[in-house]
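S.K.: So the sequence shown is numbered by the working numbering: it starts at 439 and just counts up by one. Heads up, the beta-carbon is just placed ideally off N, CA and C, and yes, glycines get one too. Okay, here's the structure, questions in a sec.
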Amino acid sequence: MDYKNVIVEINDGIGVLKINRPKALNALNSETLIEIMDAAKALESNPEVRVVIVTGEGDKAFIAGADILEMKDLTALEGMAFSQRGHDAFAALENMQKPVIAAVNGYALGGGFEVALACDFIYASEKAKIGFPETTLGIFPGFGGTQRTAKLAGLAKTKELIFTGKTIGAQEAYDMGLINKVVPHDQLMSDVMALAGKIKANGPFSIRLAKQLINRSLYMSTDDALMLEAKDFGLCFATKDQKEGMTAFVEKRKSTFKGE
Ligand code: CAA
439 MDYKNVIVEI
449 NDGIGVLKIN
459 RPKALNALNS
469 ETLIEIMDAA
479 KALESNPEVR
489 VVIVTGEGDK
499 AFIAGADILE
509 MKDLTALEGM
519 AFSQRGHDAF
529 AALENMQKPV
539 IAAVNGYALG
549 GGFEVALACD
559 FIYASEKAKI
569 GFPETTLGIF
579 PGFGGTQRTA
589 KLAGLAKTKE
599 LIFTGKTIGA
609 QEAYDMGLIN
619 KVVPHDQLMS
629 DVMALAGKIK
639 ANGPFSIRLA
649 KQLINRSLYM
659 STDDALMLEA
669 KDFGLCFATK
679 DQKEGMTAFV
689 EKRKSTFKGE
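What follows is the structure, given as structure tokens:
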């Protein structure tokens, strides 16, 4: 697929998916949502790619939300389909078997912050501005924000953010547990690339299993999740990566994982 609104770059095992509509502050129209889904699937199936970074083009915005011009005259059924399109695109990010890091480089509002929340975790520039302005538009977050925010920040903080539509800075979002780290603006991509490099050096299959378990455990009883943990832990011992990792430890050398 040729992309108009996203850029995909792959460098040394790290895939960067950049939302690229800077004139509209990278706002998400349907075309962009479809491209995000396609790009996520392509990065997932590319064996070269071990870690994915999602960011926004330009210096001002990660993503300033769903496209208000496209939404303005939607009917109820079209609104539902638009929400579903967002859910499908972000599920492709959330369910990717590889780690996905959001590098929030500016405004991450509404649907923009919902993209970041579908990633495994978020690093943000100190200049990032985060929030859910949807209720100021007579709607509410419809790309997963009502669900994914509460899992990180709790119900009460989520309600305050959504009911007020206020915008908060990166530090406040960090204090609420929404983002993992605030970094100087100019250092954001280099810090996230370094982090991706560190993750890339570890066993891909074990990271994949850990990610699945952590994500699924939200919907399972602790007993069921622990049973699955024991099975998946056992499964690691069927991989060449586990043999390599432990042999390297014993031989006092650095391991080289192949994801096998
Ligand atoms: N949709 C469509 N276009 C958008 C947009 C959006 N969400 N956000 C910004 N743009 C466009 C503006 O219309 C403007 O285009 P023109 O130059 O053609 O007029 C361009 O991007 C630059 O924006 P501004 O001139 O407004 O830039 P600013 O620096 O003055 O303000 C901003 C920046 C505070 C982010 C402001 O653009 C803004 O408030 N944007 C809307 C944010 C928002 O409400 N997001 C939530 C959308 S609803 C949603 O996401 C629903 C959902 O959950 C599914």
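Out of curiosity, what's the CA-to-CA distance linking GLY697 and GLY635?
M.R.: For the purposes of this step, residue 697 is taken as residue 259 along the sequence shown, with counting starting at 1. For the purposes of this step, residue 635 is taken as residue 197 along the sequence shown, with counting starting at 1. Rounded to whole angstroms, GLY697 to GLY635 spans 15 Å at the Cα level.
S.K.: Spatial neighbours of ASN543 within its chain, please: CB distance less than 6 Å, with the 5 preceding and 5 following residues excluded, ordered by chain position.
M.R.: For the purposes of this step, residue 543 is identified with residue 105 of the sequence shown, where counting begins at 1. Excluding positions up to five away in sequence, the list reads THR493, GLY494, PHE500, SER563 and LEU626.
S.K.: Evaluate contact between the stretch 523 to 537 and the stretch 468 to 475, counting only Cβ atoms and requiring at least three cross-stretch pairs below 8 Å.
M.R.: yes
S.K.: Per DSSP, GLY494 is paired with what?
M.R.: The residue given as residue 494 occupies position 56 in the sequence shown. In DSSP, GLY494 forms a bridge with ILE457.
S.K.: At 3 residues or longer, and completely inside the stretch 525 to 602: list those beta strand (DSSP E) runs for me, N to C.
M.R.: 538 to 542, 545 to 547, 559 to 563 and 567 to 569
S.K.: Would you kindly report the start and end of the unbroken beta strand (DSSP E) that includes VAL487?
M.R.: As a first step, residue 487 must be located in the sequence shown, where it is residue number 49. Taken as a continuous stretch (DSSP letters only), VAL487 belongs to no beta strand (DSSP E), as it is neither H nor E.
S.K.: Return the bridge partner residues of GLU469 from the DSSP annotation.
M.R.: Indexing the sequence shown from 1 puts residue 469 at position 31. Per DSSP, none; premise fails for GLU469.
S.K.: Using the C-alpha atoms, what's the distance from ILE568 back to ILE606?
M.R.: Mapped onto the sequence shown, residue 606 falls at position 168. Mapped onto the sequence shown, residue 568 falls at position 130. Spanning the two alpha carbons is a distance of roughly 5 Å.
S.K.: Between which two residues does the alpha helix (DSSP H) holding ALA668 run?
M.R.: What you label residue 668 is simply residue 230 of the sequence shown in a count that begins at 1. Its alpha helix (DSSP H) spans residues 660 to 674.
S.K.: DSSP state of ALA502, grouped into three classes?
M.R.: What you label residue 502 is simply residue 64 of the sequence shown in a count that begins at 1. Looking at ALA502 - three-state DSSP - the assignment turns out to be coil, as it is neither helix nor strand.
S.K.: Should THR596 be labelled buried (16 or more other beta-carbon atoms within 10 Å of its own) or exposed?
M.R.: Position 158 of the sequence shown, counted from the start, is the residue given in the question as residue 596. Under this definition THR596 is a buried residue.
S.K.: Regarding ILE577 and the ligand CAA, is the C-beta to nearest heavy atom distance less than 8 Å?
M.R.: For the purposes of this step, residue 577 is taken as the residue at position 139 of the sequence shown. For the ligand CAA, at least one heavy atom lies less than 8 Å from the Cβ of ILE577.
S.K.: Check GLY697 in the structure and name its three-state DSSP category.
M.R.: As a working note, residue 697 is residue 259 in the sequence shown. GLY697: coil per DSSP, three-state reduction.
S.K.: Could you spell out the range, first to last residue, of the beta strand (DSSP E) harbouring ILE606?
M.R.: Translated into positions along the sequence shown, residue 606 becomes position 168. Where ILE606 is concerned, the enclosing beta strand (DSSP E) stretches over 605 to 607.
S.K.: Taking the straight line between their C-alpha atoms, what separation do you get for GLY580 and ALA608?
M.R.: To locate residue 580, count along the sequence shown from 1; it is residue 142. To locate residue 608, count along the sequence shown from 1; it is residue 170. Their backbone Cα atoms lie some 22 Å apart in a straight line.
S.K.: Judging by CA-CA distance, which residue of VAL538, LYS510, ASP505 and ASP511 is the nearest neighbour of LYS456?
M.R.: For the purposes of this step, residue 456 is taken as the residue at position 18 of the sequence shown. The residue with the shortest Cα to Cα distance from LYS456 is VAL538.
S.K.: Please state if the CB of ALA546 and the CB of ALA556 are separated by a distance shorter than 9 Å.
M.R.: Your numbering for residue 556 matches position 118 in the sequence shown. Your numbering for residue 546 matches position 108 in the sequence shown. Their beta carbons are not under 9 Å apart, which means ALA556 does not touch ALA546 by this criterion.
S.K.: Where DSSP assigns a beta bridge to GLN637, which residues make up the other side?
M.R.: Within the sequence shown, residue 637 is the residue found at index 199, counting from 1. Gln is not the amino acid found at residue 637; the sequence shown has Ile there. Looking at the DSSP assignment, ILE637 forms no beta bridge with any residue, so it has no partner.
S.K.: Does DSSP classify ASN618 as helix, strand or coil?
M.R.: Position 180 of the sequence shown, counted from the start, is the residue given in the question as residue 618. The answer is coil: DSSP assigns ASN618 none of H, G, I, E or B.
S.K.: Taking just the CA atoms, how far does LEU590 sit from TYR441?
M.R.: Translated into positions along the sequence shown, residue 441 becomes position 3. Translated into positions along the sequence shown, residue 590 becomes position 152. Spanning the two alpha carbons is a distance of roughly 32 Å.
S.K.: Going by alpha carbons, who is nearest to ARG586 out of ILE560, THR574 and GLY496?
M.R.: Working through the sequence shown from its first residue, we reach residue 586 at position 148. Closest option to ARG586, Cα to Cα, is ILE560.
S.K.: In the DSSP output, what is ILE474 paired with across the bridge?
M.R.: Start at 1 with the first residue of the sequence shown, and residue 474 comes out as number 36. None, per the DSSP bridge assignment.
S.K.: Hey, quick one: how far does the beta strand (DSSP E) through VAL689 stretch, first residue to last?
M.R.: Here residue 689 refers to the residue found at position 251 when the sequence shown is read from its first residue. According to the sequence as given, residue 689 is Glu; it is not Val. Note, GLU689: premise wrong, no beta strand (DSSP E); not H, not E.
S.K.: Could you check the C-alpha separation between THR660 and LEU666 for me, to the nearest Å?
M.R.: For this step, residue 660 is matched to residue 222 along the sequence shown. For this step, residue 666 is matched to residue 228 along the sequence shown. So the alpha carbons of these two residues sit roughly 10 Å apart.
S.K.: With hydrogens ignored, establish whether the beta-carbon of MET439 is closer than 8 Å to any heavy atom of the ligand CAA.
M.R.: Counting from one through the sequence shown, the residue named residue 439 turns up at place 1. No, Cβ of MET439 sits at least 8 Å from all heavy atoms of the ligand CAA.
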